[in-house]
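Remarks on the structure that follows.
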Amino acid sequence: VIAELCGRKLITERKFGGPDEALRVDVDISIYLYVQLIDEDQKLEFIFVCGHRRDVPEDARPFIGKVTWDTGNQQLTSYQPVVLGDSSCLEHLQSMRLSPDLLSGRSYEAVEWEDTSTPDQ
Numbered sequence: 044v045i046a047e048l049c050g051r052k053l054i055t056e057r058k059f060g061g062p063d064e065a066l067r068v069d070v071d072i073s074i075y076l077y078v079q080l081i082d083e084d085q086k087l088e089f090i091f092v093c094g095h096r097r098d099v100p101e102d103a104r105p106f107i108g109k110v111t112w113d114t115g116n117q118q119l120t121s122y123q124p125v126v127l128g129d130s131s132c133l134e135h136l137q138s139m140r141l142s143p144d145l146l147s148g149r150s151y152e153a154v155e156w157e158d159t160s161t162p163d164q
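Numbering-wise (this note's numbering), the sequence shown opens with residue 44 and increments by one.
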């Protein structure tokens, strides 16, 4: 049995048994960070977070830089999942600090986190 979530292999296990045989899969919470142009005249870009790679807009680019949160850190160089762990997702996100690798002449200003999600339909 191979268990995958969003294209990520979670577990490969050989199981023998009848219809009552069970397979438990523990899943770490992961997010993707991406950058999207918001105002072309001002060259204003925002950094966004989503839970699935497929939710990244086609016109976005990957966040490149260091991500730090209460229990870890990760250097991102492309679209890579940031693995936060198996619990306390909101606490991890609220503690998150971003340090983007910027081109000369660019600046970064952090703003307070805002939930821009929409209810699933």
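Even for Gly, the Cβ is constructed at its ideal location relative to N, Cα and C.
Close Cβ partners of residue i (< 6 angstroms) along its chain, the five nearest in sequence each way excluded
i           : result
residue 104 : 78
residue 73  : 124 and 126
Straight-line Cα distance separating residue j from residue i
i           : j           : result
residue 91  : residue 156 : 10 angstroms
residue 151 : residue 87  : 10 angstroms
residue 54  : residue 44  : 8 angstroms
residue 52  : residue 59  : 20 angstroms
residue 47  : residue 56  : 12 angstroms
residue 135 : residue 75  : 14 angstroms
residue 159 : residue 95  : 15 angstroms
Beta-carbon gap between residue i and residue j smaller than 8 angstroms
i           : j           : result
residue 126 : residue 71  : yes
residue 113 : residue 138 : yes
Residues sharing a beta bridge with residue i, DSSP
i           : result
residue 133 : According to DSSP, which records beta bridges pairwise, residue 133 is partnered with nothing at all.
Given 8 angstroms, three or more beta-carbon pairs between the stretch 58 to 65 and the stretch 114 to 125: Segments in contact, no.
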